[in-house]
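Here's the structure we're looking at; comments come further down.
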Ligand code: NAD
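In this note's numbering, the protein residues as written are 1385 to 1679.
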C-alpha cells in the first residue's frame, strides 16, 4: 500500500480520495475548505493543515483542483510544492486544465527530477463515487506504469494518451465532440417535435439509424425520453453548463495553439455561452435542448 497525499476534496476529489482510503492506502488530505477535510478525516484519511504537509514523505501526490491557475500556483507558486517534493514522489494532476499549463507544470517538475503525469477524468461525480472513472493519462511510459495501479483504485478505464499534456488534449477532444453531439441531437429532436413527432419514437428511429450516438442513447436531452437522466429531472446536473463552457474554452485554446480548424467546436462554444447568459450555468449541459425550443 502507498502513502498518498491528496489535495482538492471537492465534488470529484472528495469521493476519489475516499476510494483510496477504502483500498487501504495511507491518505493525507488538504483542501482550503476545512469542512471537506473534516469529512475525509471522519472516513479514515489524515487531515493536514497545508499542502506542504500533505506532500511530506508521499509516494504519490494527487491534485484535483478547479483550474490551471490553482494547479500552477500549488506546484510552482511562491513556496510551491516543487520546493518540498522528494525526488521519489510521483505527481498526478487530475484537474481538467489546458494542455500548455499541464506541460509547463509537468516539464518544470520533471526538470527537477520529479515525475509527473496529467490524468484528467471522465465519468462525473457519480463515476468518482462509484470508482468507475476513466483516466486519460499523459506522461512517460515508466511513470504511467507506476501510477496505473493507484488510478485503478478510483477508475475502471485507464488510458495512456502520450507524453505530458496529452491527457488534457485527449480529454478536451472528447468533450468538444460530446458538446457537438449534444447540440446536434437536440436540434434534430426539436425539429421532429415541431413536426408533431413523438420524441420517444423519433429517438428509437435514430438509435437504429445512422444518427445513433451516446447522447441520444444514454443521456437523451428531451425530458421524458429516459427517466433517470438530468433532462427528466429539471436538468439537475450531472455535468454543468459552466463546466462544459470552461472545457470548450480550453478546446478553443488548444485549437489555436495547434492551428486546428474547429468550426463546429466554436459554434458549440457560442451556444453554451448563450445558455450561460440565460442563467443556465448551473444546469446540466443537456439543457442546450431548450435553446432550440420553438417559443
Ligand atoms: P470543486 O470546485 O467541487 O472542487 C475543487 C476543490 O479544490 C474545492 O474543494 C476547493 O476548495 C479546492 N481548492 C482550490 N484551490 C485549492 C488549493 N490551492 N489547495 C487546496 N484546495 C484547493 O470542483 P470539482 O467538480 O471537484 O472539479 C475538479 C476538477 O475536475 C475541475 O478541473 C473539473 O473541470 C474537473 N472535472 C469535474 C467533473 C464534474 O462532473 N464535476 C467531471 C470531470 C472533470
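Even glycine gets a Cβ: it sits at the ideal position worked out from N, Cα and C.
All figures in this text were calculated on a predicted structure; none of them were measured in a lab.
Do you know whose CA, among the options, lies nearest residue i's CA?
| i | options | result |
| --- | --- | --- |
| residue 1435 | 1428, 1445, 1597 and 1429 | 1445 |
| residue 1609 | 1573, 1560, 1448 and 1420 | 1573 |
| residue 1440 | 1475, 1453, 1416 and 1420 | 1475 |
| residue 1553 | 1410, 1615 and 1506 | 1506 |
| residue 1625 | 1611, 1664, 1512 and 1405 | 1664 |
| residue 1537 | 1548, 1512, 1526 and 1546 | 1512 |
| residue 1676 | 1571, 1593, 1628 and 1634 | 1571 |
| residue 1612 | 1412, 1406 and 1510 | 1510 |
| residue 1526 | 1469, 1517 and 1498 | 1498 |
| residue 1578 | 1464, 1658 and 1678 | 1678 |
So, at 8 Å on beta carbons, what are the nonlocal neighbours of residue i in its own chain, with the 5 sequence-adjacent residues on each side left out?
| i | result |
| --- | --- |
| residue 1489 | 1455, 1456, 1459, 1460, 1477 and 1500 |
| residue 1422 | 1431 |
| residue 1598 | 1562 and 1565 |
Ordered along the chain, which non-local residues of its own chain (more than five positions away) have a Cβ less than 7 Å from that of residue i?
| i | result |
| --- | --- |
| residue 1619 | 1667, 1668, 1670 and 1671 |
| residue 1493 | 1459, 1466, 1475 and 1500 |
| residue 1600 | 1569, 1587, 1590 and 1591 |
For residue i and residue j, which I take to be in contact (beta-carbon distance under 8 Å), what is that distance rounded to the nearest angstrom?
| i | j | result |
| --- | --- | --- |
| residue 1595 | residue 1551 | With a Cβ gap of about 30 Å, residue 1595 and residue 1551 do not count as contacting. |
| residue 1403 | residue 1508 | Not quite, the Cβ-Cβ distance comes to about 15 Å (not below 8 Å), so this is no contact. |
| residue 1638 | residue 1520 | Incorrect: roughly 14 Å between the Cβ atoms, too far for contact. |
Which term fits residue i, buried or exposed, when burial requires 16 or more other beta carbons within 10 angstroms of its beta carbon?
| i | result |
| --- | --- |
| residue 1415 | buried |
| residue 1585 | exposed |
| residue 1503 | buried |
| residue 1533 | exposed |
| residue 1409 | buried |
| residue 1544 | buried |
| residue 1447 | buried |
| residue 1604 | buried |
Note down, in chain order, each residue of its chain lying with its Cβ closer than 6 Å to the Cβ of residue i, except the 5 sequence neighbours on either side.
| i | result |
| --- | --- |
| residue 1400 | 1512 and 1538 |
| residue 1487 | 1548 and 1549 |
| residue 1623 | 1508 and 1669 |
Tell me whether the region 1556–1576 and the region 1646–1656 touch, counting them as touching only if at least three CB pairs, one residue from each stretch, are closer than 8 Å. yes
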